[in-house]
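Visitor:
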Amino acid sequence: MTVLITGGTGLVGSHVIAEVLARGERVRTLSRRPDTSALPADVEVVAGSLSDTAAMRTALDGVDGLFLLSPVSLDELTGSLQTLDLARAAGVEAVVYLSVIHADIFTDPPHFAAKAAVEKAMADFGIHATVLRPGIYLQNDLALRDRLIHDGVYDPPVGNAAALFTDVGDLAEVAAAELLRRLAAPAAPAVTLDVVAPQILGGDRIAEIWSAILGRQIRYGGDDLDRMEATFAGILPNWLAYDLRLMYRRFQRDGMIAAPGTDQRLKEILGRPMRSYTEFARETAESWKAVHA
Numbered sequence: 001m002t003v004l005i006t007g008g009t010g011l012v013g014s015h016v017i018a019e020v021l022a023r024g025e026r027v028r029t030l031s032r033r034p035d036t037s038a039l040p041a042d043v044e045v046v047a048g049s050l051s052d053t054a055a056m057r058t059a060l061d062g063v064d065g066l067f068l069l070s071p072v073s074l075d076e077l078t079g080s081l082q083t084l085d086l087a088r089a090a091g092v093e094a095v096v097y098l099s100v101i102h103a104d105i106f107t108d109p110p111h112f113a114a115k116a117a118v119e120k121a122m123a124d125f126g127i128h129a130t131v132l133r134p135g136i137y138l139q140n141d142l143a144l145r146d147r148l149i150h151d152g153v154y155d156p157p158v159g160n161a162a163a164l165f166t167d168v169g170d171l172a173e174v175a176a177a178e179l180l181r182r183l184a185a186p187a188a189p190a191v192t193l194d195v196v197a198p199q200i201l202g203g204d205r206i207a208e209i210w211s212a213i214l215g216r217q218i219r220y221g222g223d224d225l226d227r228m229e230a231t232f233a234g235i236l237p238n239w240l241a242y243d244l245r246l247m248y249r250r251f252q253r254d255g256m257i258a259a260p261g262t263d264q265r266l267k268e269i270l271g272r273p274m275r276s277y278t279e280f281a282r283e284t285a286e287s288w289k290a291v292h293a
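Under the UniProt record's numbering, the first residue of the sequence shown is numbered 1, with each subsequent residue one higher.
Below you can see the structure in the form of structure tokens.
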């Protein structure tokens, strides 16, 4: 069978592609620049994006399943809703949608609100999809090496309420497993699944983890959202920097709580617990040592 994986050139999508290919299914994806996309040779690439309805009709033609990942953008909601409607028209029944934890509660960050609207639309459309709701990606912290090692600071303003993290590799495995389950049983009931490790953290505790692993004092950089927004605005569009500010504000104020039974459901899918932040930090520190030895 053939699965269309949107966002296939990004961090999450590329992992999902690898997992679906490893399970013996064919993969199609989208890219604005197919000639420069570093994708496996056996992946079929369609030129275009979610907001390009002509490209989406082509991409959805003849596929059996859809992994819908909508990159954070000003037209995220439009592209997602159009894609779902086109998928229905194309007869695609096996759908897995990548949302975010508490999308229906944290509706002030625009990209959370967009995902909440997509979740509601799928229910209204009668689409029996699996909705995956990850937390903060562990892999985001791979970029913190210099700040941690040289300055002794953990910067992301996650607060100290309750932060939940997600390993992208684990997320991809869950996504692939759900895609195959739905390909085998397209009429299976709709499912919403938080995909987060059970370790509940805050900025201070994360700093303690890095301190123990790196063998030096690491401090949490604090909850200063003005500084965070200014930093992001130097590398991202202003609207996205503000969107992220609103996201971190909710993390700091309300924290995250996984749905009851989440850990057991994920163990049943993966055959093991989700990768913890401590495991990630330990393995990451070892890789840094190997590279810079």
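C-beta atoms are modelled at their ideal positions from N, C-alpha and C, and glycine is treated no differently. Keep in mind it's a predicted model, so treat the numbers as computed, not measured.
Relative to the C-alpha of V46, which candidate in P34, P40, A38 and D52 has its C-alpha closest?
Guide: It is P34 whose Cα lies nearest to the Cα of V46.
Visitor: Excluding the 5 residues flanking L214 on each side, which residues of the same chain have their C-beta closer than 7 Å to its C-beta?
Guide: Around L214: L148, I149 and A285.
Visitor: Ignoring anything shorter than 4 residues, give me the alpha helix (DSSP H) runs that lie fully in the region 242 to 290, in order along the chain.
Guide: Whole alpha helix (DSSP H) segments, 4+ residues: 262 to 270.
Visitor: Thinking C-alpha only, which one of L11, R205 and G234 is nearest G221?
Guide: Out of L11, R205 and G234, R205 has the C-alpha closest to the C-alpha of G221.
Visitor: Looking at the strands, I want to know which residues DSSP matches up with D194.
Guide: Paired residues: R133.
Visitor: Say whether the region 226 to 236 touches the region 158 to 178, bearing in mind that this needs 3 or more beta-carbon pairs closer than 8 Å, one atom from each stretch.
Guide: Touching, no.
Visitor: If contacts are defined as beta-carbon pairs under 8 Å, then P157 and D223 qualify, I think. What distance do you get, rounded to the angstrom?
Guide: With a Cβ gap of about 5 Å, P157 and D223 count as contacting.
Visitor: Give me the Cα-Cα distance between Q139 and L84, rounded to the nearest whole angstrom.
Guide: In a straight line, the C-alpha of Q139 is about 28 Å away from that of L84.
Visitor: In chain order, which continuous runs of the alpha helix (DSSP H) of length 4 or greater are located wholly inside the region 66 to 114?
Guide: Within the region 66 to 114, the complete alpha helix (DSSP H) runs of at least 4 residues are 76 to 89.
Visitor: Does the Cβ-Cβ distance between H128 and A190 come in under 9 Å?
Guide: Yes, the Cβ-Cβ distance between H128 and A190 is below 9 Å.
Visitor: From A87 to R57, what does the alpha carbon distance come to, in whole angstroms?
Guide: Spanning the two alpha carbons is a distance of roughly 8 Å.
Visitor: Among S51, T29 and A94, which one has its Cα closest to the Cα of A41?
Guide: Closest option to A41, Cα to Cα, is T29.
Visitor: Taking 9 Å as the cut-off, decide whether the C-beta atoms of E119 and A187 are in contact.
Guide: No, the Cβ-Cβ distance between E119 and A187 is not below 9 Å.
Visitor: Could you check which residue in A233, A177 and G261 has the C-alpha nearest to that of P198?
Guide: The shortest C-alpha separation from P198 is found at G261.
Visitor: Return the Cβ separation of F67 and L179 in integer angstroms, given the expectation that the two are a contact with Cβ distance under 8 Å.
Guide: Between L179 and F67 the Cβ distance is about 6 Å, and since that is below 8 Å, they are a contact.
Visitor: Taking the DSSP output, what are the residues bridged to V3?
Guide: Answer is V27 and G65.
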